[in-house]
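Participant: Numbering (the numbering used here), first residue to last: -13 to 535.
Ideal Cβ positions, reconstructed from N, Cα and C, are used throughout, including at glycine.
As the structure is a prediction and not an experimental result, all values here were calculated from the model.
I have a structure here, written as C-alpha cells, and I will follow up with some questions on it.
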Ligand code: TNX
C-alpha cells in the first residue's frame, strides 16, 4: 500500500509538473464556457479531464453541501453517490479526484467567490468560505452533461469568479396563491443552480395569511382561507373559481429554512403593513380604523382597509407577530411591505388624527413614516433590520431601513443618495408576473417583459454610476406576483428562463454581459432544467440575438 502511494505521489508530481507547463489563455468571448451566470474570468487550457466512475471527492467537513452536491452529481444512478474523503486524503491512483479546499487567503474576493481549476490530473475547487465552494460545484454541474452519472470529460480551465451584487433575489407571492413547501424547495434548488442567494417570500396580503403564528391561531385558521368567488373573466379583479387556501406551519417553515441554509439561500419573510392587511384584519378583531368585520378578500388590487396607525392594539399585535417571525427566521432582514397604503381611513379616524397631533406629524404620509420607524425600532431590538417597498421613502425613511425599488428606479436612487441600501426590482424589467411576449402567452398580464429586456437590466442607474452612492445598490430581484399564477407549472413557466437572465445581471460583471452569448449558453442550461423537471418558456424567434428593448 505504502509503495503504491509512493509511486502514485511520484506520478502525481510528474503530472503536476506537466500541468504547470499546460498552456492556458483567456477564453474568447463567444467561446466562453456554457455556464450561467457567466464567470468573471475564464482561461481555457489545453487538454481535458476524464471523470472516472469511481470519482473521489476530497473535502473538509465545512464544505458540507458543496461536497454532497458534487457527490450526487458524479454518482451513477446504479452505483450510489461518489465517495467523499476527508481533507488531506491522497487521491487513489485508479480514481479521478475533486479536491475542495477552504483557503482564507482568498477572502478578499468575498465569501461567495471561488477558484476552479480543471487540469488533466484533477479538479480543484478553492474558496475562502463554504458558499464559494458550493458555487464552484454549481459551475462544474453546468459544465457536465445534464443527465448525471454519465462518463464525462471536462475541458481544462481556470476560473476565477465572484458575484457583482450580494442580493440576487427572487420574490415568491404565496398569499394570492398558496404554494406548498415542496414547491419552495424546487424553486430554491433552481435558484441555487444559478447562484441566486435570496428568496423573499411574500407571506401576507389581503387575500391570505400564510404563516402560523402561535399567539394568534386565527391568522391561519381564518386568514389562510378565502371563499369561492363567482366565476369571472380570466383576468378580472376577482380570483375566480373555488375557495382557496393553505399555510406553512412553523415546522414547514423550519424545513424550508433548513433547505435554504444548505443551498446558501437567505429567506427574507415579508409581513405586509400597514396596507395589504385585510387577511389579518379579518382574523383578529380591532386592527382596522373602523373596526368592522371583514372577510379575507376575494378581489385583487389595492384595498382601503389598512391597519389603524392610531391604535396601540395594532402595535401590540404586530410586535407579537414580528417577535415570532424574528425568532423563526435566522436572516438579519425582515420585509415589512409599506406599498400601496390608501390614507382615506386614516384621514377619517380620530385615533389616527390624535396620533398625528401627539407626534407632531405634518400629514398621513408622515404618519406612515412614523409607523415604519416604530416597527424598525422594535425589530432592531430583536437584532433585525427592515426592508420595505419604495413608498417608505415618502414618509421619511427609518434610519437603517433598506429599500426595494419597484415603481421604477427613482425611489431607489433617493434612498441610495440618503445612504440606504437598495435592491432594484422595477416593474419595467423585474416583474415576472407580466407576460414574456406580445403573442402566444397563456395569460395576458402586464406589458411584455421579454427575456432580452430582463437581460438588459442595469441595476445601477446612470444617475449613480461612478458615485459612492452606487455602492448602496446591493442587488436586483425578480418578483413573481401570483394573482394570475395559480399552478406550480405556470409559476415556473413565468420564472424561467427570465430568472436565469436576472441571475446573470446580478452575478456577472457588466463587462462580460453579452446577450447572444447568453442565448447560446441558455441552450445548454435548458437540458439541466429538463433533468430537474423544471418547467420554463422556450425562447422564441422574438427573443433572438437581435432583440432590443
Ligand atoms: C403591485 S409591487 C404590487 C403587488 C401586486 C403587483 C402585481 C408591489 C409592492 N405591489 O401587490 O401583486 O403590483 O404586478
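Indicate the three-state DSSP secondary structure (helix, strand or coil) for residue 356 in the structure shown.
Facilitator: In this structure, DSSP gives residue 356 a helical state, which the three-state scheme calls helix.
Participant: Just to confirm the assignment, what range does the alpha helix (DSSP H) spanning residue 267 have?
Facilitator: 264 to 269
Participant: Under a Cβ-count criterion, where at least 16 other Cβ atoms within 10 Å of its own Cβ denotes burial, should residue 288 be classed as buried or exposed?
Facilitator: exposed
Participant: Short of 7 Å in beta carbon distance, which residues of its chain neighbour residue 303, apart from the five on each side in sequence? Order them along the chain.
Facilitator: 270 and 273
Participant: Kindly indicate the opening and closing residues of the beta strand (DSSP E) around residue 100.
Facilitator: 100 to 105
Participant: Can we count residue 541 as close to the ligand TNX, meaning its CB is less than 7 Å from some heavy atom?
Facilitator: Examination of residue 541 is not possible in this model, given that the chain is present from -13 through 535 alone.
Participant: Between residue 392 and the ligand PLP, is there a pair consisting of the residue's CB and a ligand heavy atom that are separated by less than 7 Å?
Facilitator: What this structure holds is the ligand TNX, not the ligand PLP.
Participant: Is residue 293 near the ligand TNX, judged by its Cβ being under 7 Å from some heavy atom?
Facilitator: It does not: the Cβ of residue 293 is nowhere closer than 7 Å to a heavy atom of the ligand TNX.
Participant: Between 372, 53, 522 and 510, which lies nearest to residue 132 when the distance is taken from Cα to Cα?
Facilitator: 510
Participant: Quick one: what's got a C-beta closer than 6 Å to residue 128's C-beta in the same chain, skipping five residues either side?
Facilitator: 21
Participant: By a C-beta neighbour count over all protein chains shown, 10 Å radius and 16 as the cutoff for buried, is residue 74 buried or exposed?
Facilitator: exposed
Participant: What is the rounded straight-line gap between the Cα of residue -1 and the Cα of residue 139?
Facilitator: With a pLDDT of 40 at residue -1, under the threshold of 50, the modelled position of that residue is not reliable, and the figure given next carries that caveat. Taking the straight line from one Cα to the other gives about 22 Å.
Participant: Pull the bridge partners of residue 159 from the DSSP assignment, please.
Facilitator: 188
Participant: Where does residue 282 sit, in a helix, a strand or coil, going by DSSP?
Facilitator: coil
Participant: Under 8 Å between the Cβ atoms of residue 388 and residue 319?
Facilitator: Against a cut-off of 8 Å, the Cβ pair of residue 319 and residue 388 comes out as a contact.
Participant: From residue 76 to residue 40, what does the alpha carbon distance come to, in whole angstroms?
Facilitator: 14 Å
Participant: Can you tell me whether residue 445 is buried or exposed, with buried defined as 16 or more other CB within 10 angstroms of its CB?
Facilitator: buried
Participant: Let me know if residue 7 comes out buried or exposed under the rule of 16 or more other beta-carbons within 10 Å of its beta-carbon.
Facilitator: Low local confidence applies: a pLDDT of 49 at residue 7 is under 50, so the model's placement there is unreliable, and no value is given.
Participant: Hey, is residue 325 close to the ligand TNX, as in C-beta under 7 Å from one of its heavy atoms?
Facilitator: yes
Participant: Taking the alpha helix (DSSP H) that residue 416 belongs to, which residues open and close that run?
Facilitator: 413 to 416 is the span of the alpha helix (DSSP H), which, as asked, contains residue 416.
Participant: May I have the straight-line CA-CA distance separating residue 200 from residue 257, to the nearest angstrom?
Facilitator: 15 Å
Participant: Within a Cβ cutoff of 7 Å, which residues of the same chain sit near residue 480, ignoring the five residues on either side of it in sequence?
Facilitator: 418, 419, 466 and 471
Participant: I need the DSSP call for residue 379, collapsed to helix, strand or coil.
Facilitator: Helix at residue 379.
Participant: Say yes only if the C-beta of residue 467 is nearer than 7 Å to one or more non-hydrogen atoms of the ligand TNX, and no if none qualify.
Facilitator: yes
Participant: Give me the Cα-Cα distance between residue 443 and residue 497, rounded to the nearest whole angstrom.
Facilitator: 13 Å
Participant: In whole angstroms, what is the alpha-carbon distance linking residue 399 and residue 450?
Facilitator: 7 Å
Participant: Need the endpoints of the alpha helix (DSSP H) that residue 238 sits in, please.
Facilitator: 236 to 248
Participant: Say the cut is 7 Å; is the CB of residue 419 nearer than that to a heavy atom of the ligand TNX?
Facilitator: yes
Participant: Measure how close the beta-carbons of residue 99 and residue 147 come, nearest whole angstrom, since I'm counting them as under 8 Å.
Facilitator: 6 Å
Participant: Tell me, please, which residues DSSP counts as bridged to residue 230.
Facilitator: 212
Participant: Quick check: does the Cβ of residue 472 come within less than 7 Å of any heavy atom belonging to the ligand TNX?
Facilitator: no
Participant: Where DSSP assigns a beta bridge to residue 508, which residues make up the other side?
Facilitator: Residue 508 pairs with nothing; no bridge assigned.
Participant: Let's see if you can read the secondary structure: which residues bound the alpha helix (DSSP H) around residue 338?
Facilitator: 336 to 344
Participant: Tell me the rounded alpha-carbon separation between residue 335 and residue 508.
Facilitator: 55 Å
Participant: Let's test the definition: count the other Cβ atoms within 10 Å of the Cβ of residue 36 and tell me whether it reaches 16, buried, or not, exposed.
Facilitator: Exposed, since its Cβ has fewer than 16 Cβ neighbours within 10 Å.
Participant: Looking at the structure shown, is residue 72 part of a helix, part of a strand, or coil, going by DSSP?
Facilitator: strand
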